[in-house]
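Right, one structure below, let's go through it.
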Amino acid sequence: VQLQASGGGMVQAGGSVRLSCVVSGMHFRLNNMAWYRQAPGMQHDFVASITSVGDPDYADSVKGRFTISRDNAKSSIYLQMNNVKREDTAKYYCNVFPLWEGANWGQGTLVTVSS
Numbered sequence: 575v576q577l578q579a580s581g582g583g584m585v586q587a588g589g590s591v592r593l594s595c596v597v598s599g600m601h602f603r604l605n606n607m608a609w610y611r612q613a614p615g616m617q618h619d620f621v622a623s624i625t626s627v628g629d630p631d632y633a634d635s636v637k638g639r640f641t642i643s644r645d646n647a648k649s650s651i652y653l654q655m656n657n658v659k660r661e662d663t664a665k666y667y668c669n670v671f672p673l674w675e676g677a678n679w680g681q682g683t684l685v686t687v688s689s
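This is the structure we're talking about:
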């Protein structure tokens, strides 16, 4: 499985950024997917998930600010991040949900929120 996340960068607090992730090597449309994030020195934390039929779920910390979506024709998921906060600074990864044992993480994409 290959997971190629992109779209990160530096954004000011209160601003917006849109992340993308292209997935290959598995039956994408059959799998629930999610975004996770990892702050320096921390473990991977759940951010948002989306079922194979498009039902979303969010961590409380991002509810109302982030929107997850998917395009099965492009084997891609997206994360629209609005009203970002400094605590959203992290490297963001896409992966299956729930995680498979031994799942690889890909390179992720770094989002840095400045005040």
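Numbering of the sequence shown is given in our numbering, commencing with residue 575 and proceeding in unit increments.
Glycine included, each C-beta is placed from N, C-alpha and C at the ideal position.
None of the values given here were measured: they were computed from a predicted structure.
Asked, Found
"Would you check if the distance between the CB atom of asparagine 669 and the CB atom of tyrosine 610 is smaller than 8 angstroms?", "yes"
"Is the beta carbon of threonine 683 less than 8 angstroms from the beta carbon of alanine 613?", "no"
"How is the beta strand (DSSP E) around alanine 664 delimited, first residue to last?", "664–670"
"Who are the near neighbours of isoleucine 651 in its chain, counting only those whose CB is closer than 6 angstroms to its CB and skipping five residues on each side?", "Cys595, Met607, Arg644 and Cys668"
"Considering only their Cβ atoms, is the gap separating valine 636 from valine 621 smaller than 8 angstroms?", "yes"
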